[in-house]
Amino acid sequence: GAVVSQHPSRVICKSGTSVKIECRSLDFQATTMFWYRQFPKQSLMLMATSNEGSKATYEQGVEKDKFLINHASLTLSTLTVTSAHPEDSSFYICSASFVGNTDTQYFGPGTRLTVL
Amino acid sequence: GENVEQHPSTLSVQEGDSAVIKCTYSDSASNYFPWYKQELGKGPQLIIDIRSNVGEKKDQRIAVTLNKTAKHFSLHITETQPEDSAVYFCAASKGTGNQFYFGTGTSLTVIP
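If you read the protein sequences in the order shown, they are chains A and B.
When we follow the numbering used here, the leftmost residue of the first sequence carries the number 1, and every step to the right adds one.
When we follow the numbering used here, the leftmost residue of the second sequence carries the number 1, and every step to the right adds one.
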C-alpha cells in the first residue's frame, strides 16, 4: 500500500520548452502532496506544498511562475517547469501524505529532467 | 526554523556488522521522525519512523531510538547485508501535513 507513481521517469527537453511531471497516489487519497528537488549527492530540497483544490505554497526562493503546480484531485498533482533552462536540470521527486496518516510522506520514484 | 544534522556522511561496514546513523534536531516542537532509504536513481523509501511519545521502535533488523531531551535520534541496522547499501536520510517534522526537514544523508556501504 501507499504507492506513489511519477511520470515520466526521465525527460530530455530543449531549452525554452515546458515540461510537465505527473505525481499520482495509486492506492490512497492524498491530503497533501509535496514537490522536492534533489541535486546529485545532496539532500532533498522542498519546493512547494500543495493541497487538493488549493493554491500551492512555495518555499522561499522558488519561482511560482516557473514551477507551476496543480493539485486537481486527491490522487494527482502536476509540476510544470516552464521555459526550462539547463540549470533546471535535476531530479524532481514528489511525495504524498495519506488521508488518516498525515504525518508520513510516501515518495514517488522521481523524474530525471535534463535540459539541453 | 528546524535544523537537522546527520552523521556520518559516509559509513562502510562489513556484512553482518551493525550500522548506526545519528541525527540531531533543533526545534523542540518537532514530534515525528522518519527514516528513508534511497537507492541510486530512485525515490526515498520509508523504512521506519518514530513519534515523540515513544523512545524506541524496532522492525526486524532496523531500530530507531529517540532522546527528546537531547534532541537526537538514531537509526540502528543490525546484521547488515549488501542490499542495505544505499543513502539513508533522517527527517524531523511537527507532524500532520507539516514539512519535513531532512538531514544531509549517509551513504552506507556494506562490504560482502
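Note that beta-carbon positions come from the ideal geometry of N, C-alpha and C, so glycine has one too.
Contact list for residue i against chain B, beta-carbon separation under 7 Å
i	result
Pro109 of chain A	Lys42 and Gly43
Leu46 of chain A	Gln99
Ser97 of chain A	Gly97
Extent of the continuous beta strand (DSSP E) to which residue i belongs
i	result
Arg37 of chain A	Ala30 to Gln38
Ser97 of chain A	Ser90 to Phe98
Val164 of chain A	Because chain A is modelled from 1 through 116, residue 164 of chain A falls outside the range shown and cannot be assessed.
Ala84 of chain A	Where Ala84 of chain A is concerned, there is no enclosing beta strand (DSSP E), given that its DSSP letter is neither H nor E.
Glu56 of chain B	Glu56 to Asp59
Phe100 of chain B	Element bounds for Phe100 of chain B: n/a, residue is neither H nor E.
Leu66 of chain B	Ile62 to Asn67
Ala48 of chain A	Leu44 to Asn51
Beta-carbon gap between residue i and residue j smaller than 8 Å
i	j	result
Thr24 of chain B	His72 of chain B	yes
Ser83 of chain A	Gly16 of chain A	yes
Phe33 of chain B	Asp49 of chain B	yes
Ile12 of chain A	Trp35 of chain A	no
Gly43 of chain B	Ile93 of chain A	yes
Residues that residue i bridges to, as DSSP identifies them
i	result
Lys14 of chain A	Lys14 of chain A is not bridged to any residue.
Arg24 of chain A	A:Ser5 and A:Leu76
Glu5 of chain B	B:Thr24
Pro34 of chain B	B:Asp49
Thr111 of chain A	A:Tyr92
Leu11 of chain B	B:Leu108
Closer than 8 Å at the beta carbon, the chain A residues around residue i
i	result
Ser93 of chain B	Asp103
Thr106 of chain B	What Thr106 of chain B touches in chain A: nothing, since even the nearest Cβ is about 11 Å away.
Asp49 of chain B	Asp103 and Thr104
Under 8 Å from the C-beta of residue i: neighbouring residues of chain B
i	result
Thr75 of chain A	Here the premise fails: no neighbours, minimum Cβ distance about 17 Å.
Interface residues of chain E facing residue i [CB-CB closer than 7 Å]
i	result
Tyr32 of chain B	The structure shown contains no chain E; its protein chains are A and B.
Residues that residue i contacts on chain A, provided the C-beta gap is smaller than 9 Å
i	result
Gly103 of chain B	Ser43
Leu46 of chain B	Ala2, Thr104, Gln105, Tyr106 and Phe107
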